[in-house]
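The structure appears below as structure tokens.
There are 2 protein chains.
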Amino acid sequence: MDKILRIDTGAQGGPRAKEEPVGAYAGMGGRALTSTLVYKEVPPLCHALGAENKLVIAPGLLSGTTGAMSGRLSIGAKSPLTGGIKEANAGGQPAQVLARLGYAAIVLEGKPETDDLYKIFINKDGVKIEKDNSLKMLPNYDLIERMKKEYGDQIACISIGTAGEMKMCAASIACTDPELRPTRHAGRGGLGAVMGSKGIKVIVLDDTGMKMRSPKDPEKFKEANKKFVAGLRGHAVTGQGLPAYGTNILTNILNEAGGYPTYNFKQGRFDGAHKISGETQAETETARGGLATHGCHRGCVIRCSGIYNDKDGHFLTKQPEYETVWAHGGNCGICDLDDIAMMDFLDDNYGLDTIEMGVTIGVAMDAGLIKFGDSKGAIDLMHQVGKGTPLGRILGSGAAVAGKVFGVERVPVVKNQALPAYDPRAVQGIGVTYATSPMGADHTAGYAVATNILKVGGDVDPLKPEGQVELSRNLQIATAAIDSTGMCLFIAFALLDQPETFQAMLDMINAFYGLNLTGDDVTALGKQILKTERAFNTQAGFTAQHDRLPRFFTTQPVAPHNVTFGVKDEELDQVFNW
Amino acid sequence: MDKILRIDTGAQGGPRAKEEPVGAYAGMGGRALTSTLVYKEVPPLCHALGAENKLVIAPGLLSGTTGAMSGRLSIGAKSPLTGGIKEANAGGQPAQVLARLGYAAIVLEGKPETDDLYKIFINKDGVKIEKDNSLKMLPNYDLIERMKKEYGDQIACISIGTAGEMKMCAASIACTDPELRPTRHAGRGGLGAVMGSKGIKVIVLDDTGMKMRSPKDPEKFKEANKKFVAGLRGHAVTGQGLPAYGTNILTNILNEAGGYPTYNFKQGRFDGAHKISGETQAETETARGGLATHGCHRGCVIRCSGIYNDKDGHFLTKQPEYETVWAHGGNCGICDLDDIAMMDFLDDNYGLDTIEMGVTIGVAMDAGLIKFGDSKGAIDLMHQVGKGTPLGRILGSGAAVAGKVFGVERVPVVKNQALPAYDPRAVQGIGVTYATSPMGADHTAGYAVATNILKVGGDVDPLKPEGQVELSRNLQIATAAIDSTGMCLFIAFALLDQPETFQAMLDMINAFYGLNLTGDDVTALGKQILKTERAFNTQAGFTAQHDRLPRFFTTQPVAPHNVTFGVKDEELDQVFNW
Chain A
1 MDKILRIDTG
11 AQGGPRAKEE
21 PVGAYAGMGG
31 RALTSTLVYK
41 EVPPLCHALG
51 AENKLVIAPG
61 LLSGTTGAMS
71 GRLSIGAKSP
81 LTGGIKEANA
91 GGQPAQVLAR
101 LGYAAIVLEG
111 KPETDDLYKI
121 FINKDGVKIE
131 KDNSLKMLPN
141 YDLIERMKKE
151 YGDQIACISI
161 GTAGEMKMCA
171 ASIACTDPEL
181 RPTRHAGRGG
191 LGAVMGSKGI
201 KVIVLDDTGM
211 KMRSPKDPEK
221 FKEANKKFVA
231 GLRGHAVTGQ
241 GLPAYGTNIL
251 TNILNEAGGY
261 PTYNFKQGRF
271 DGAHKISGET
281 QAETETARGG
291 LATHGCHRGC
301 VIRCSGIYND
311 KDGHFLTKQP
321 EYETVWAHGG
331 NCGICDLDDI
341 AMMDFLDDNY
351 GLDTIEMGVT
361 IGVAMDAGLI
371 KFGDSKGAID
381 LMHQVGKGTP
391 LGRILGSGAA
401 VAGKVFGVER
411 VPVVKNQALP
421 AYDPRAVQGI
431 GVTYATSPMG
441 ADHTAGYAVA
451 TNILKVGGDV
461 DPLKPEGQVE
471 LSRNLQIATA
481 AIDSTGMCLF
491 IAFALLDQPE
501 TFQAMLDMIN
511 AFYGLNLTGD
521 DVTALGKQIL
531 KTERAFNTQA
541 GFTAQHDRLP
551 RFFTTQPVAP
561 HNVTFGVKDE
571 ELDQVFNW
Chain B
1 MDKILRIDTG
11 AQGGPRAKEE
21 PVGAYAGMGG
31 RALTSTLVYK
41 EVPPLCHALG
51 AENKLVIAPG
61 LLSGTTGAMS
71 GRLSIGAKSP
81 LTGGIKEANA
91 GGQPAQVLAR
101 LGYAAIVLEG
111 KPETDDLYKI
121 FINKDGVKIE
131 KDNSLKMLPN
141 YDLIERMKKE
151 YGDQIACISI
161 GTAGEMKMCA
171 ASIACTDPEL
181 RPTRHAGRGG
191 LGAVMGSKGI
201 KVIVLDDTGM
211 KMRSPKDPEK
221 FKEANKKFVA
231 GLRGHAVTGQ
241 GLPAYGTNIL
251 TNILNEAGGY
261 PTYNFKQGRF
271 DGAHKISGET
281 QAETETARGG
291 LATHGCHRGC
301 VIRCSGIYND
311 KDGHFLTKQP
321 EYETVWAHGG
331 NCGICDLDDI
341 AMMDFLDDNY
351 GLDTIEMGVT
361 IGVAMDAGLI
371 KFGDSKGAID
381 LMHQVGKGTP
391 LGRILGSGAA
401 VAGKVFGVER
411 VPVVKNQALP
421 AYDPRAVQGI
431 GVTYATSPMG
441 ADHTAGYAVA
451 TNILKVGGDV
461 DPLKPEGQVE
471 LSRNLQIATA
481 AIDSTGMCLF
491 IAFALLDQPE
501 TFQAMLDMIN
511 AFYGLNLTGD
521 DVTALGKQIL
531 KTERAFNTQA
541 GFTAQHDRLP
551 RFFTTQPVAP
561 HNVTFGVKDE
571 ELDQVFNW
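Shown next as structure tokens:
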């Protein structure tokens, strides 16, 4: 991980690769690296689909090691959806493989003058870039089958589907899982469109012949990793809840808490929730010969994913996440798990952010395009997006654009990015994160649901404004740091409750790099990243007024608790005053 | 003009009218009134289509008098297109009639819960509001025919077409001309969508039985008006150019100057310009039995409009303005005057901003939807907008949304509003206005073309950055003041060159109201309006970064002069530091 691969996609005759030492970005991984590079090298007022934007793909500090949970890949750029800085991260295999190939980052730069499509193959022998217009408009699953035929099955792929090629603001970037399926996505912020604007369809990685990255102090590293894994296994969330039911265990919990946004955020509880809960989902998966427990990358010990088969027992999609089941499910009044799984597959296949798509379809339902609960209609809309019909183009541009195009007032977005699966009136801590994160509305940017609802890392009443700013602030800082390690964010459940597990993670980094970082250093790193991201956004034209929820959250109470979002604007403005 | 008519469109059982004294808004007219009321009463972060937004319709200080040129109507609200404050003004009859009926403003407030459509009839006996769903989706021309049958031909109408009902961001508000045709539009910023969101299709005004507004000092007023008219008739632009050829006299002038944006702002000169010039247009109009000279409201002495008949001599549309001929013409590589006139008619009929639509179609051409120059294809797109097909919905949302939906980088907008007919690289003064006006890109907000190109009010080299900030600043201040008088902005040509004509206008206001205003008061008024508008925008989240042209204007030179926009960001930030 001592070099950066820069690919100038605007070079005459096609993209040109250049390797350079990691230089000023030494010691950075994941989100720290993507956000710093974007801040330093991308003009904040540039067009997100123009030559001046850069797509940065960076494994984390511990990716490619034997450390557990270290398979997250950060992808950053100026977002075409939000207009601000963006880091979206994904699981799957590429982070590990890219790190073992020695790259701290791949940076796609410039802009091609033709509309040719290229594939990039990277292995121990170097980088090969080839024009391949036969890949045009291939959805992700077909594309990966083609790559397997071409390069064998010892590969990991980073790719875009049809949505990315069409430069849709809801386009994701897919990463393949251990079974070489394009199921793990850097979903948010339309980064697939940036990759599409660079004319790059797929990056194929093969680390055959490369070694596992080795720590400075192998013994200490091994020891720390062991403690770390034990800590994860010992915590109720990471050791029991997530492995058994996956993230979708949250459906019943949030519905019970009255914070499950239903019918485009009109109410906080959904009649059909039990039909699409994690419990029902796990049962269905097991009964059909799928898997209720499965890791999205090698080295995962939480294994919160699964395999969802159709009624005939054939693979349909990976286990849809809670946010996906919510977005395409309760948010749209839909409670048919098979139809939701089909939409999850279509999102993965066309290369779309499941949250943005589900919320956008909810907005379309509010506009009267189809009725709430019409799952077949929703599936049809998904195909229109993937194929790029005019209506599909609208929906593929995300909820904010769809709301504008159809003249809808109830559009749940912050900084143009759709709100995820937690109503900010009934889970006010996550409301603070939605409003203030430099990423736009993003539950993963500071998951206050943990403390508001799951009572992890303390207990802050979800229905009241008190304490939410501090909670969100601390979680946003911690998250920015964790997103730089390559570690899955879910380790935070154990880290928040168990100081020894947090220490074990620190020990892993210290042993690997020969450092003596403390908790304060982690906090300082998180703060530095947020400061960098906010500086970019300020220069891109963001103000305190962009750190606000849509007004209906403060004016219209949500049932069953009949509360509005109560954190005042002046308090929101204190989140980054530390 | 001592009362305000407020209509609560959200009242139970349908819109409810309430008259109140003008109160705190006394002494204000036109833009001063609309912007002050919006600033004081509309929450800057509200949804533009929500209950909290207000549509303010205000004649100017001298509207309804015998004063020449006083027929402009200001309409204001928070704009669904820009997200900022908006004043768009239009000619036609309604300003005069509304003023004579005694109203300083009509304010549409609240939001209906049903989708019923209402018409409002106002005459000397008061206000009548009726539900009339038979008007749904009527285009403006059919609507006005219906109103004539119902209310006779002594009326003036303010209405929306199908675009406003569909709440499109490019929707205009139509005002009828002396022949009771819906040809004069408050075009910019999507105010038609705001009217549509209030469920009001048309406001029918009848001033039968009302008197001309009478001045405090009738003799002085008459005398001043006489001087004012003589001044207008004596100036080359207002006395000769505009009457003879209308605004489209500018096609040849701008093309010659290399500032005529062609093929979506790719070059500054258009091969086909002579085919669509004002000279050709006037000749065509005269030959077909139309009119090359015609006033858009009674009391106009410039008479820059006209009547454009089709090949068979039947009325097709009013004389398309220069900006319309450019937007649907050269900007799209189209040089068929009849097809351009047809699009002008369709804009008026469906109720759309011609500039926003032409620029949007140019962006769609850049996206490859149809070819540059394909005028029949462009007409088809216009119909799709008017009918609200999905593709039409995209285009009706304006250039910024269309650019986002189709992934186009070259999108000529500021604050999401399309740039008008002057390339800011070759006419740098107007570039300063585009960038900094609180309205978004708007040539009328500070028409530096006058001094850059026409050499009115001085001479500032259009190709250089020097002097442009001061020029735009002074013009923006003067314009804000003129927009408050109800006077047509075109009087500015004479005012800038002839101090005695400026004094005559001042004398008219003073004689009418018994005041002693000086030039300094006019400047102070203009500054106060701009300050109010900028304060609203700041609270809506606008920063200096929003006072910028799209980056391609500063990075890509435009032929034939091969210049880029040279006014620096720091200079732009000085426009409002007076």
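Taken in order, these protein sequences are the chains called A and B. Going by full-length UniProt numbering, the first sequence opens with residue 1, and the numbers climb by one from there. Going by full-length UniProt numbering, the second sequence opens with residue 1, and the numbers climb by one from there. Don't be surprised by glycine CBs; every beta carbon is placed ideally from N, CA and C.
Requested in this report: Hey, could you find the ends of the alpha helix (DSSP H) Tyr151(A) is sitting in?
Outcome: Taking the first residue of the first sequence as position 1, residue 151(A) is located at position 151. From DSSP, the alpha helix (DSSP H) with Tyr151(A) extends over 140 to 151.
**Report entry** Own chain partners of Gly566(B) with C-beta closer than 6 Å, once the 5 adjacent residues on each side are dropped
**Finding:** For this step, residue 566(B) is matched to residue 566 along the second sequence. Result list for Gly566(B): Pro465, in chain order.
Query raised in the report: Distance, Cα to Cα, Asn255(B) vs Lys149(B)?
Result: Position 255 of the second sequence, counting from 1, holds the residue named residue 255(B). Position 149 of the second sequence, counting from 1, holds the residue named residue 149(B). Approximately 45 Å between the Cα atoms of the pair.
Query raised in the report: What are the boundary residues of the beta strand (DSSP E) that includes Leu191(B)?
Result: Taking the first residue of the second sequence as 1, we reach residue 191(B) at position 191. Looking at the DSSP string, Leu191(B) is not in any beta strand (DSSP E); the run it does join, the alpha helix (DSSP H), is 191 to 197.
**Report entry** Where Ser383(B) meets chain A, residues with beta-carbon distance less than 9 Å
**Finding:** Within the second sequence, the letter at position 383 stands for residue 383(B). According to the sequence shown, residue 383(B) is His rather than Ser. Those within 9 Å of His383(B) in chain A number zero; the least Cβ separation is about 14 Å.
Query raised in the report: At a Cβ threshold of 8 Å, is Cys175(B) touching chain A?
Result: Translated into positions along the second sequence, residue 175(B) becomes position 175. Not closer than 8 Å to any Cβ of chain A, the Cβ of Cys175(B) fails to qualify, so no.
Query raised in the report: So His294(A) is in the beta strand (DSSP E); what residue range does that whole segment cover?
Result: As a working mapping, residue 294(A) is identified with position 294 in the first sequence. Looking at the DSSP string, the run of the beta strand (DSSP E) that includes His294(A) is 291 to 294.
Query raised in the report: For Thr262(B) versus Gly330(B), is the C-beta distance shorter than 8 Å?
Result: As a first step, residue 262(B) is located in the second sequence; it is residue number 262 there, counting from the start. As a first step, residue 330(B) is located in the second sequence; it is residue number 330 there, counting from the start. Against a cut-off of 8 Å, the Cβ pair of Gly330(B) and Thr262(B) comes out as a contact.
Report task. To the nearest angstrom, report how far apart Ala244(A) and Gly91(A) are at their CA atoms. Result -> Numbered from 1 along the first sequence, position 244 holds the residue referred to as residue 244(A). Numbered from 1 along the first sequence, position 91 holds the residue referred to as residue 91(A). Looking at the two C-alpha atoms, the distance is approximately 19 Å.
Query raised in the report: Three or more beta-carbon pairs under 8 Å between the region 190 to 199 of chain B and the region 149 to 169 of chain B, yes or no?
Result: yes
Requested in this report: Could you round the C-beta distance between Gln417(A) and Ala441(A) to whole angstroms and report it? I think they count as a contact, below 8 Å.
Outcome: As a first step, residue 417(A) must be located in the first sequence, where it is residue number 417. As a first step, residue 441(A) must be located in the first sequence, where it is residue number 441. So it is a contact: roughly 5 Å between Cβ atoms.
Query raised in the report: Any chance the region 56 to 75 of chain B sits against the region 526 to 535 of chain B, with 3 or more Cβ pairs inside 8 Å?
Result: no
**Report entry** CA nearest to the CA of Gly13(A), picked from Pro112(A), Gly30(A), Leu316(A), Gln96(A)
**Finding:** If you number the first sequence from 1, residue 13(A) lands on position 13. Selected option, being the one with the closest Cα: Pro112(A).
Requested in this report: Would you decide whether Ala77(A) is buried or exposed? Buried here means 16 or more other CB atoms lie within 10 Å of its CB.
Outcome: As a position in the first sequence, residue 77(A) is number 77, starting the count at 1. When all chains shown are included, Ala77(A) counts as buried.
Query raised in the report: So which residues on chain B does residue 579(A) lean against when the C-beta distance must stay under 7 Å?
Result: Residue coverage of chain A in this structure runs from 1 to 578, which leaves residue 579(A) outside it and unanswerable.
Requested in this report: Measure the CB-CB distance between Thr436(B) and Ser484(B) and report whether it falls below 8 Å.
Outcome: Start at 1 with the first residue of the second sequence, and residue 436(B) comes out as number 436. Start at 1 with the first residue of the second sequence, and residue 484(B) comes out as number 484. Cβ distance not < 8 Å, so Thr436(B) and Ser484(B) don't count as in contact.
Query raised in the report: What whole-angstrom Cβ distance do Leu250(B) and Gly239(B) have, given they're in contact under 8 Å?
Result: Residue mapping note: residue 250(B) aligns to position 250 of the second sequence, counting from 1. Residue mapping note: residue 239(B) aligns to position 239 of the second sequence, counting from 1. With 8 Å as the limit, Leu250(B) and Gly239(B) do not qualify as a contact, their Cβ atoms being about 17 Å apart.
Query raised in the report: When burial is assigned at 16 or more other CB atoms within 10 Å of the CB, is Gln93(B) buried or exposed?
Result: Within the second sequence, numbered from 1, the residue matching residue 93(B) stands at position 93. Classification of Gln93(B): buried, given that the 10 Å Cβ count is 16 or more.
Query raised in the report: Closer than 8 Å, Cβ to any Cβ of chain B: which residues of the region 39 to 67 of chain A, in chain order?
Result: If the cut-off is 8 Å between Cβ atoms, the region 39 to 67 of chain A has Pro43, Pro44, Leu45, Cys46, His47, Leu49, Gly50, Glu52 near chain B.
Query - Length at least 4, wholly inside the region 421 to 459 of chain A: the alpha helix (DSSP H) runs in chain order - result: 428 to 436, 449 to 452
Requested in this report: Would you please state the rounded distance, in angstroms, between the beta carbons of Cys335(A) and Met365(A)? I believe it to be under 8 Å.
Outcome: Taking the first residue of the first sequence as position 1, residue 335(A) is located at position 335. Taking the first residue of the first sequence as position 1, residue 365(A) is located at position 365. Incorrect: roughly 14 Å between the Cβ atoms, too far for contact.
Query raised in the report: Is the Cβ-Cβ distance between Val22(A) and Ala88(A) less than 8 Å?
Result: Within the first sequence, the letter at position 22 stands for residue 22(A). Within the first sequence, the letter at position 88 stands for residue 88(A). Contact flag unset, no.
**Report entry** Cβ neighbours of Pro139(B) in the same chain (closer than 8 Å, five flanking residues each side left out)
**Finding:** Against the second sequence, residue 139(B) aligns to sequence position 139. Within the same chain, and ignoring the five residues on either side of Pro139(B) in sequence, the residues whose Cβ sits closer than 8 Å to its Cβ are Gly161, Thr162, Asn349, Tyr350, Gly351, Gly386.
Query raised in the report: Lys211(A): which of Asp312(A), Val413(A), Ser63(A), Thr34(A) sits nearest, CA to CA?
Result: Indexing the first sequence from 1 puts residue 211(A) at position 211. Ranking the options by Cα distance to Lys211(A), first place goes to Ser63(A).
Requested in this report: Would you mind working out which of Ile394(B), Ile57(B), Leu489(B), Thr82(B) sits nearest Ala450(B), comparing C-alpha positions?
Outcome: To locate residue 450(B), count along the second sequence from 1; it is residue 450. Ranking Ile394(B), Ile57(B), Leu489(B), Thr82(B) by Cα distance to Ala450(B) puts Leu489(B) first.
Query raised in the report: In chain order, what residues of the same chain have a beta carbon less than 7 Å from the beta carbon of Ala445(A), not counting five sequence neighbours either side?
Result: Residue mapping note: residue 445(A) aligns to position 445 of the first sequence, counting from 1. Result list for Ala445(A): Thr433, Ser437, Met439, Gln476, Thr479, in chain order.
Query raised in the report: Are the beta-carbon atoms belonging to Ile200(B) and Ala17(B) less than 8 Å from one another?
Result: For this step, residue 200(B) is matched to residue 200 along the second sequence. For this step, residue 17(B) is matched to residue 17 along the second sequence. No, the Cβ-Cβ distance between Ile200(B) and Ala17(B) is not below 8 Å.
Query raised in the report: Counting contacts by CB-CB distance shorter than 8 Å, is residue 626(A) in contact with chain B?
Result: Coverage of chain A is limited to positions 1 through 578, which leaves residue 626(A) absent and any answer about it impossible.
**Report entry** Rounded straight-line distance, which links the Cα of Met382(A) to that of Leu316(B)
**Finding:** Translated into positions along the second sequence, residue 316(B) becomes position 316. Translated into positions along the first sequence, residue 382(A) becomes position 382. Each residue's Cα considered, the two are about 42 Å apart.
Report task. Give the residues of chain A in contact with Met166(B), contact being defined as C-beta atoms less than 7 Å apart. Result -> Start at 1 with the first residue of the second sequence, and residue 166(B) comes out as number 166. Residues of chain A passing the Cβ test: Gly407.
Query raised in the report: Using a beta-carbon distance cut-off of less than 7 Å, what residues from the region 110 to 134 of chain A approach chain B?
Result: none
Requested in this report: Whole angstroms is fine: what's the gap from Ile57(B)'s alpha carbon to Gly30(B)'s?
Outcome: Residue 57(B) sits at position 57 when you count from the first residue of the second sequence. Residue 30(B) sits at position 30 when you count from the first residue of the second sequence. Going from the Cα of Ile57(B) to the Cα of Gly30(B) covers about 8 Å.
Query raised in the report: DSSP puts Pro59(B) in a beta bridge; with which residues?
Result: The sequence position of residue 59(B) within the second sequence is 59, counting from 1. Answer is Leu73(B), bridged to Pro59(B).
Query raised in the report: Exposed or buried, what is Asn562(A) when buried is set at 16 or more other beta-carbons lying within 10 Å of its beta-carbon?
Result: As a position in the first sequence, residue 562(A) is number 562, starting the count at 1. Exposed is the call here.
Query raised in the report: Thinking just about the alpha-carbon of each residue, which of Val42(A), Pro15(A), Gly67(A), Gly60(A) is nearest to the one in Asp507(A)?
Result: Locating residue 507(A) in the first sequence gives position 507, where the first residue counts as 1. Among Val42(A), Pro15(A), Gly67(A), Gly60(A), the Cα nearest to that of Asp507(A) is on Gly67(A).
Report task. Identify, in the order they occur along the chain, each residue of the same chain with its Cβ nearer than 6 Å to the Cβ of His546(B), setting aside the five sequence neighbours on each side. Result -> Locating residue 546(B) in the second sequence gives position 546, where the first residue counts as 1. Lys415.
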